[in-house]
Amino acid sequence: MKIDALESLLNLTKKSKDVAQGRSFKLLDPEETSLKLDNLDLDQLESQKLQVHEAIHKVKIKPDHDLVPADSVRVECGVDDITVDVKPDFLGNGQLIHSSELSLGDCPIEASTENTFHFQTTLQSCGSTMTLSEEALIYSFSLSYHPFPIGATFILKTSPAEVLIECHYPRHQLVSSEGVRPTWFPLSAQISSNQHLQFKMQLMNEDWSSPRPSSVFLVNDVLHVEVSVVQGHHIPRKLFVDECVATASPSPDSEPRYEFVSNYGCFMDSKLTGAKSFFLQRIQENVLHFKLPAFQFRQQLGHSVFFYCKLKAASVSVPIDPEHKACSYLNEASRWVASDGDNKVCACCNSGCRKKRKRSSGQKAEQWEATTVMGPVLFTSASDDSLQTEPPLSLRQSDVELEPC
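The sequence shown begins at 12 in this note's numbering and counts up one residue at a time.
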């Protein structure tokens, strides 16, 4: 009888998955679906129930209607925190949800009453993301509802739902004389093209094994920066850094500014300042690492710095040339060296590397460009004891350019 019960259970599991994927099916006869629970292994029952639950949650249904404000959700955006109150009748259909079915990003409900589920968190928590527009800083949160099967059954009476929450702050607040808070984690910019290429720039720890958990540096520290392109199932790409500039505010054209990579991949910082800054030898086609000693703008110590880099992804078959290179200047030898390929491609770094030739339409999709931004990063002196250590914030940038070359 235990085997029969498990077979019936598997039938129900399959039918539940069919429901989640929108397929129709014929209900089984009640006698066929009856289970002898006294002979059934409860651990197996829970396992099958969980599989059905996970299978249903993986289904993404694209809405065929315009998104509207959620009447059952109230949001208050504070100076550095957010408060979200949710009614138990979250879906507005009279069916009350359970507190464990609701989350704000990766944060559970903080408190609840008979009439309200309550969240309160800082802007940097609960999986929030930040984007920059011309007018404002925008913090985004995802309020998610994931229903659980009723009792010991596999039955779901409702579908998963999600509410997008945004807090908008005028952008002038970011560039005030007080600067931004130094404890934010540097921006890890990730954008996608029509061909689903994703460009990324982030700070790494000293052995390059993982992202750096802090954005605060002493003036004698060295930044370890990784730029990459995620290519998915597409043709492999080789990544290049054409230009990089550092600014004291979240605008690549603002002053003061410092261009430390130019001329299609010439790392100028070491030649201009004598610092030991350079591209590392390439170990992956779609990744580049470089080191940059921390620095400060005049009268800007303790203020934030933003980094903008123009990245380019080309076919791996593209030869290393003056337009596709990663060159560093060795002060000890007074010469340029290439991270991959012949050092001769770096000769133009002392004058000017040739401009890109106009490509035919058939070549247009061979390489893609994107401007990514990383920041804010804070450079400070060892005597500055005003800094506080707080959980880092992972930020995302939206106003970047992405275009075929």
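Note that the Cβ used here is the ideal one computed from N, Cα and C, for glycine as well.
As a quick exercise: from L208, V230, V238, E343, pick the residue whose alpha carbon is nearest that of S221. V238
How would you write the range of the alpha helix (DSSP H) that S339 sits in, first residue to last? Where S339 is concerned, there is no enclosing alpha helix (DSSP H), although the beta strand (DSSP E) it sits in stretches over 338–341.
Would you list the one or two residues that DSSP bridges to Y150? M141, C178
I'd like the ranges of any beta strand (DSSP E) spanning at least 3 consecutive residues and lying wholly in the stretch 86–148. 92–97, 113–115, 128–133, 140–143
Residue interval of the beta strand (DSSP E) (run including D253): 248–258
Can you check the stretch 294–325 for any beta strand (DSSP E) of at least 3 residues that lies completely inside it and give the ranges in chain order? 298–304
Sort out for me which residues DSSP pairs H235 with in a bridge. K302
Are Q378 and S326 closer than 8 Å when you measure CB to CB? yes
Do you know whose CA, among V316, S273, K321, F290, lies nearest C360's CA? S273
Grouping DSSP H, G and I as helix and E and B as strand, with all else coil, what is K211? strand
Should the stretch 80–91 be regarded as contacting the stretch 116–124, the criterion being three or more beta carbon pairs within less than 8 Å? no
The stretch 259–270 contacting the stretch 332–348, beta-carbon criterion three pairs below 8 Å: no
For N104, the nearest candidate out of Y340, S153, S170 (CA to CA): S170
Spatial neighbours of A257 in its chain, beta-carbon cut-off 6 Å, leaving aside the 5 residues before and after: Y269, V316, F318
Between the CA atoms of I294 and L113 - distance to the nearest angstrom: 43 Å
Between V186 and S339, what straight-line distance do the alpha-carbon atoms span, to the nearest angstrom? Low local confidence applies: a pLDDT of 37 at V186 is under 50, so the model's placement there is unreliable, and no value is given.
Rounded separation between A358 and Q131 - CA only: 57 Å
To which residues of the same chain is N342 closer than 7 Å at the C-beta, ignoring the five residues directly before and after it? S281, G285
Rounded C-alpha distance that separates P224 from N216: 8 Å
Return the chain-ordered list of same chain residues with a C-beta closer than 8 Å to the C-beta of V236, the five sequence neighbours on each side being excluded. M212, Q213, L214, M215, H300, F301, K302, L303, F318, M385
Please classify G363: is it buried, with 16 or more other beta-carbons within 10 angstroms of its beta-carbon, or exposed? exposed
Between which residues of its own chain and C277 is the CB-CB distance below 6 Å, once the five residues before and five after are set aside? C338, C360
Quick check: the Cα distance between Q292 and V174, rounded to an integer number of angstroms? 45 Å
Thinking C-alpha only, which one of H157, N126, D100, V356 is nearest L115? H157
Count the other CB atoms within 10 Å of the CB of I246; is the residue buried (16 or more) or exposed (fewer)? exposed
Using three-state DSSP, classify L291 as helix, strand or coil. coil
Helix or strand or just coil, what does DSSP make of V348? strand
Taking DSSP as the reference, what is the three-state secondary structure of K60? Low per-residue confidence applies at K60: pLDDT is 44, beneath 50, and the placement is therefore not dependable, though the value from the model is reported in the following sentence. Helix at K60.
Burial state of D253, where buried means 16 or more other Cβ atoms lie within 10 Å: buried
Contact under 8 Å by Cβ, S139 with F159: no
Based on the DSSP secondary-structure assignment, which residues constitute the bridge partners of E173? S155
Which term fits K249, buried or exposed, when burial requires 16 or more other beta carbons within 10 angstroms of its beta carbon? buried
Buried or exposed for H314, please, with buried defined as at least 16 other CB atoms from any protein chain shown within 10 angstroms of its CB. buried
What residues in its chain sit with their C-beta under 6 Å from that of S350, if we drop five residues either side in the sequence? F290, Q292, R293, A337
For the alpha helix (DSSP H) containing S281, name the first residue and the last one. 280–284
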